[in-house]
Amino acid sequence: MHERLEPKGFSWKSVSKDTKQFYFEEFKKWFVWRQEDNLVYEAWQKRAADRYKDLRSRARGKWEKKKQLDNRIGKDVWLSWIEEWKTPECQKKTEIKRNNRKGGVVRNNYPATHTAGSSSHRKTAARLADDYTRDPYSPELFLYTHTKNHDLKTFIDEKSAKLYEKIKSLRAERSRPADGSSTPQSDLFYAPSSSTIAHFSNSSHPNSQDYEKLQTELEVMKERMKEMDAMQHRMKDMENLLARMADNQNQ
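Residue 241 in numbering that gives the first Met the number 0 sits at position 242 of the sequence shown, with consecutive numbering throughout.
Take a look at the structure:
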């Protein structure tokens, strides 16, 4: 990638199509596959975007921390990138991303966002299902992943504790039979969006509109999870394919 960098290439999205094609042509010099197989290109796109992000991140880190310049990057590119990094907008985005990585807590010794480690909530739920001999309910999953050492009592932060109380409150409300019916209303689900969480954090009395909003988000999240699972399987297949290609090149 250092062979061709653009002054306005502030992100992978802003890199021109010609330059991206140049990178792909360089990639093709090392690997061979069926040209009609679009999965290879899709896998390359994701990996190339990650590598480009890493390249920019390392370059910025050297410049900001040590005032060192990467001699593989042209002067015109360096000057443009440095000016972009200095802008208030760029610095604001950097601060937001930094705080997001800290779970939204702005301090040096910040807690983990949850206690499931690198394991996804889906995998955690699968393990709990083995222990419970049933699928865990959403509040149970939240409690398990947001308490220290999974003791189900000591929350990792005040925000998690308050949110869990809101979840229980809304779930209790929806568990009551609807007017004129003996059937409890629908159950609650886990992981509302940040905007919805903020709304509940400021509301002491969830209502039916709150529930409907959560229910809508649940359906959207289910679809996204399906898409993510499918993409993960495809990426795994592509990683295996690329590994086999690399082995063939080395033989």
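We put the beta carbon where it would ideally sit given N, CA and C, even for glycine. Just so it is clear, the structure is predicted and the values come from calculations on it, not from any experiment.
Where the alpha helix (DSSP H) through residue i begins and ends
| i | result |
| --- | --- |
| Tyr136 | Premise fails: Tyr136 is in no alpha helix (DSSP H) and is neither H nor E. |
| Asp49 | 37 to 65 |
DSSP-derived helix/strand/coil call for residue i
| i | result |
| --- | --- |
| Phe23 | helix |
| Thr86 | coil |
| Thr146 | strand |
| Phe9 | coil |
| Phe30 | coil |
| Ile95 | helix |
| Met0 | coil |
| Val76 | helix |
| Arg71 | coil |
| Ser15 | coil |
| Gly103 | Here Gly103 scores only 49 on pLDDT, less than 50, and its place in the model should not be relied on; the value that follows carries that caveat. Here Gly103 sits in coil by DSSP. |
Supposed contact pair residue j and residue i - C-beta distance, whole angstroms, cut 8 Å
| i | j | result |
| --- | --- | --- |
| Trp84 | Arg59 | 6 Å |
| Thr153 | Lys161 | Not quite, the Cβ-Cβ distance comes to about 14 Å (not below 8 Å), so this is no contact. |
| Pro138 | Ile155 | Not a contact, Cβ separation roughly 16 Å. |
| Trp62 | Leu68 | 7 Å |
| Phe26 | Arg3 | Phe26 to Arg3, Cβ: 13 Å. No contact. |
| Trp11 | Lys65 | In fact, because the Cβ distance is near 25 Å, the residues do not count as touching under 8 Å. |
| His332 | Ser168 | What the structure shows of the chain is the stretch from 0 to 250, and residue 332 is not part of that stretch, so it cannot be assessed. |
| Leu38 | Arg233 | 6 Å |
Distance CB(residue i)-CB(residue j) smaller than 8 Å
| i | j | result |
| --- | --- | --- |
| Arg50 | Met0 | yes |
| Pro6 | Asp75 | yes |
| Met237 | Ala42 | yes |
| Tyr163 | Leu140 | no |
Strand pairing of residue i, partner residues [DSSP]
| i | result |
| --- | --- |
| Phe154 | Thr146 |
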